[in-house]
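What follows is one structure encoded as structure tokens, with my remarks underneath.
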Amino acid sequence: MAIDYSKWDKIEISDDSDVEVHPNVDKRSFIKWKQQSIHEEREKRKVDIANLEFQLEMYKHLNKRVDKLMLSLKNDDLISAETVSKFLNANFDKTEKGSGENVDPDLPPYNEMVLDLFEQLERNAKNDNKDPKDGSVIREELMKHRAKIAAVSKEADEKLKKLYIEKSMHISSEDIHTGFDKGFINAKQEDAPIPDYAKNATATSEVALPKPKIQPIDYKDDFLKLAPETKEFGSIKAGNYAEAKNFLLEHPQIFSEQQKDALMMSAFEHEIAGETEVSYQVIHQSELLGYLLEIYAMKKLPEFNVAELKEVIEMFFERLFSPRSNPMAKKSFLESVQTKYEHVKNRSKVMQEESDNEGEGVETIQLKSLDDSAELQVNLPDFFSSDPNEQHKVQSFNKLPSKMQEAVKSQSLDAINSVFAELQMEEAEAILDIFQEGSIIGINAVLEDEDEFKELQENYQRDQDREDLAIQEIDEENNDERKNEDANTPISSADIVD
Numbered sequence: 001m002a003i004d005y006s007k008w009d010k011i012e013i014s015d016d017s018d019v020e021v022h023p024n025v026d027k028r029s030f031i032k033w034k035q036q037s038i039h040e041e042r043e044k045r046k047v048d049i050a051n052l053e054f055q056l057e058m059y060k061h062l063n064k065r066v067d068k069l070m071l072s073l074k075n076d077d078l079i080s081a082e083t084v085s086k087f088l089n090a091n092f093d094k095t096e097k098g099s100g101e102n103v104d105p106d107l108p109p110y111n112e113m114v115l116d117l118f119e120q121l122e123r124n125a126k127n128d129n130k131d132p133k134d135g136s137v138i139r140e141e142l143m144k145h146r147a148k149i150a151a152v153s154k155e156a157d158e159k160l161k162k163l164y165i166e167k168s169m170h171i172s173s174e175d176i177h178t179g180f181d182k183g184f185i186n187a188k189q190e191d192a193p194i195p196d197y198a199k200n201a202t203a204t205s206e207v208a209l210p211k212p213k214i215q216p217i218d219y220k221d222d223f224l225k226l227a228p229e230t231k232e233f234g235s236i237k238a239g240n241y242a243e244a245k246n247f248l249l250e251h252p253q254i255f256s257e258q259q260k261d262a263l264m265m266s267a268f269e270h271e272i273a274g275e276t277e278v279s280y281q282v283i284h285q286s287e288l289l290g291y292l293l294e295i296y297a298m299k300k301l302p303e304f305n306v307a308e309l310k311e312v313i314e315m316f317f318e319r320l321f322s323p324r325s326n327p328m329a330k331k332s333f334l335e336s337v338q339t340k341y342e343h344v345k346n347r348s349k350v351m352q353e354e355s356d357n358e359g360e361g362v363e364t365i366q367l368k369s370l371d372d373s374a375e376l377q378v379n380l381p382d383f384f385s386s387d388p389n390e391q392h393k394v395q396s397f398n399k400l401p402s403k404m405q406e407a408v409k410s411q412s413l414d415a416i417n418s419v420f421a422e423l424q425m426e427e428a429e430a431i432l433d434i435f436q437e438g439s440i441i442g443i444n445a446v447l448e449d450e451d452e453f454k455e456l457q458e459n460y461q462r463d464q465d466r467e468d469l470a471i472q473e474i475d476e477e478n479n480d481e482r483k484n485e486d487a488n489t490p491i492s493s494a495d496i497v498d
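Residue numbers (UniProt numbering): 1 to 498.
So this is what it looks like as structure tokens:
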């Protein structure tokens, strides 16, 4: 009888056949790196949401101060730092400042930030050959700045809404609540009203982040696919940093985790083919991409920004590979490259030996939770209970091999997976049938509220009723078949009873 795996919504049965990669690519390394990438993306989304929420909150406080200054002070007052400072401290809490997990504790209070803004506006006026002591000039610059902030806030709000939607599609451990506690957060960001004087001002690229004209290449449906530009970058000799830098400045579209990973995985193919120099070379270039992606991610920009990326490239090559760079920084980078090359070299050797000795890899089954929102748990039956259900579970448990019984008794998934790793696929699948029959593996998760719990109960009961009905129909069909066989069987003298 086939198993209905749909009940195990949060279980992923993993084997070597569930990931299709090139024969010369190490599946274990690829799966490990992709799992790490998933966790990194989840953490990055969390950080991006926190940063955007703080950014919008900060702009709201700054806009309140700027608007009140514009409406209350005359032009001559705006050019006096002392007057502006007294006005701000009289109308707003001078100690009020942004706070949060990822917020710099040395961030100045909002009043000081506004004063810094006035200094920046004076510098802008000088750069434009305008009189910084002319109050009308400062007011005009302030209006432009206010409009720019409004544009940036709108863009950040749209990005935040997309991240909220994306987060709602992926459950994580942070979404688990205790018991049936209820609560909700109003995630909607209230847009600060834009004064009339700022509505018609033109937002320039000095503050508002420019819309990206180039999107990073990301083949979501083929993790190992290399773009022609990335392949060309991998062909640059390791150590030719001038050519590498110029190529990256001209081809920012190759900056994606997918292209970095694909370039790294291509090293296995070269290593197995005996092209050790090329293997080291592509690992070296992939590591360059990895370092640059990490540095760029630290900027926490809401969108891919080519100008910011090019600044990162210039800074990175200057600090690591120029004559004025710190030798230890370059040494650390090359050690990282060598470590990854040694891994590829050793794994390629093992893969080649396995291919020569066995032809094909042995498939194994492993049980693991699909994400952090739920965990698998081992359910031992009550061996001393007289309840029919528990007795049925005990019977199922007794069908397991002795080694698996010991692993189940330990209630450790690692122990169970260790036994699975030693079994042939056919035997492992038979044990999965027994697990299903005896409800040995379950899901441990906390539901958000009572309605969700009732819904889960109803769905489970409906599935049970369907299974019972299906079993009943099979039994009836078997009985009908036996009756037909009895009716068609000739009666012999041995069947006649006096």
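C-beta: ideal position from N, C-alpha, C; glycine also. All values derive from a computational prediction rather than experimental measurement.
Per DSSP, I79 is not a residue of any alpha helix (DSSP H), being assigned neither H nor E.
By the neighbour-count criterion, in which a residue is buried when 16 or more other Cβ atoms sit within 10 angstroms of its Cβ, H270 is buried. The beta carbon of L69 is closer than 8 Å to those of L78, V84, F87, L88, V114, L142 in its chain, skipping five residues each way along the sequence.
For T230, the uninterrupted alpha helix (DSSP H) segment begins and ends at 228-234. Spanning the alpha carbons of E158 and N51 requires a straight line of approximately 14 Å. Under the three-state reduction of DSSP, L263 is assigned to helix. Only buried fits D261, as 16 or more other CB atoms lie within 10 angstroms of its CB. H392: member of the alpha helix (DSSP H) spanning 388-398, first to last residue.
I440 carries a coil assignment under DSSP once its states are collapsed to helix, strand and coil. Secondary structure note for A273: it is in no alpha helix (DSSP H), with a DSSP letter that is neither H nor E. For the pair A238 and A227, the Cα-to-Cα distance works out to about 19 Å. Distance from the CA atom of K330 to the CA atom of I416, rounded to whole angstroms, is 45 Å. Three or more beta-carbon pairs separated by less than 8 Å link the segment 43-60 to the segment 142-153, which places the two stretches in contact. In terms of Cβ geometry, Y296 and V282 do not form a close pair [threshold 8 Å]. Beta-carbon to beta-carbon, Q259 and I214 are separated by about 13 Å, too far to satisfy the 8 Å threshold. Burial state of P381 is buried, judged by a 10 Å Cβ sphere holding 16 or more other Cβ atoms.
Distance from S336 to E287 at the Cβ level is roughly 6 Å; contact confirmed, criterion being Cβ atoms closer than 8 Å.
Under the criterion of beta carbons closer than 8 Å, V137 and K126 do not qualify as touching, at roughly 10 Å. Across the structure, F316 and K44 are spaced so that their CA atoms are roughly 22 Å apart. Distance from the Cα of E119 is smallest, within the candidate group D106, K133, L107, P109, for K133. For M404, the uninterrupted alpha helix (DSSP H) run begins and ends at 402-409, by DSSP. Rounded to the nearest whole angstrom, the C-alpha separation of E294 and D221 is 23 Å. By the Cβ neighbour-count rule, G438 is buried, with 16 or more other Cβ atoms within 10 Å of its own. M315 sits in a helix when the DSSP states are folded into three classes.
No Cβ-Cβ contact shorter than 8 Å links V394 with M404.
Judged by beta-carbon spacing, P109 lies within the 8 Å limit of T95, meaning their Cβ atoms are closer than that value.
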